[in-house]
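In this note's numbering, the protein residues as written are 740 to 867. For each residue, glycine too, the CB sits at the ideal point set by N, CA and C. Just so we're clear, the structure is a prediction, and the values are computed from it rather than from any experiment. Read the structure below first, then the notes.
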Ligand SMILES: [Zn+2]
């Protein structure tokens, strides 16, 4: 197995295990446990190659560096923890997004960003 295959598999595994959109630094931190000597340049290169193969989907969030997750499961809605800055998929949906738009505007799509505190950070702050 060549190095590239190993890195691709490690990144895929990390994304599957974490089940939330991950930034390149998060991918590096999580995948370097699986691949010795992994660097950020390699992570970016591997992301690019996975994107080209359709094995990864990019998640763009306002004012944030892109995150990456498995294709097809990407949701329009995300939750960002204001404490740890992690981003999670948010399963909910709006019944009537049209009602949020300016009068007489037509809504064709929407994406929602929720902010707050994630489960882990809530648990950590409760034990302090
Ligand atoms: Zn958090």
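Inset, instruction - Could you tell me whether the region 765-781 touches the region 742-754, where touching means 3 or more Cβ pairs closer than 8 Å? - result: Output reads yes: the region 742-754 touches the region 765-781.
Inset, instruction - Please determine, among 843, 824, 801, 830, the residue with the shortest C-alpha to C-alpha distance to residue 765. - result: 824
Legend entry - Rounded straight-line distance, which links the Cα of residue 781 to that of residue 759: 21 Å
Legend entry - C-beta atoms of residue 808 and residue 854 nearer than 7 Å: Contact flag unset, no.
Legend entry - residue 820 - DSSP class collapsed to helix/strand/coil: strand
Legend entry - Local conformation of residue 789 per DSSP, three classes: helix
Inset, instruction - Anything with a beta carbon under 7 Å from a heavy atom of ligand 1 counts; list them all in chain order. - result: 820, 822, 823, 825, 856, 857, 859, 860
Inset, instruction - Pick helix, strand or coil for residue 835, following the three-state DSSP scheme. - result: Residue 835: coil per DSSP, three-state reduction.
Legend entry - Beta bridge counterpart(s) of residue 828 as assigned by DSSP: 817
Legend entry - residue 794 versus residue 841 - alpha carbon distance: 38 Å
Inset, instruction - Determine the DSSP secondary structure at residue 740, reduced to helix, strand or coil. - result: Low per-residue confidence applies at residue 740: pLDDT is 47, beneath 50, and the placement is therefore not dependable enough to give any value.
Inset, instruction - Evaluate residue 806 with the Cβ neighbour count: other Cβ atoms within 10 Å of its Cβ, from every protein chain shown; 16 or more gives buried, anything less gives exposed. - result: buried
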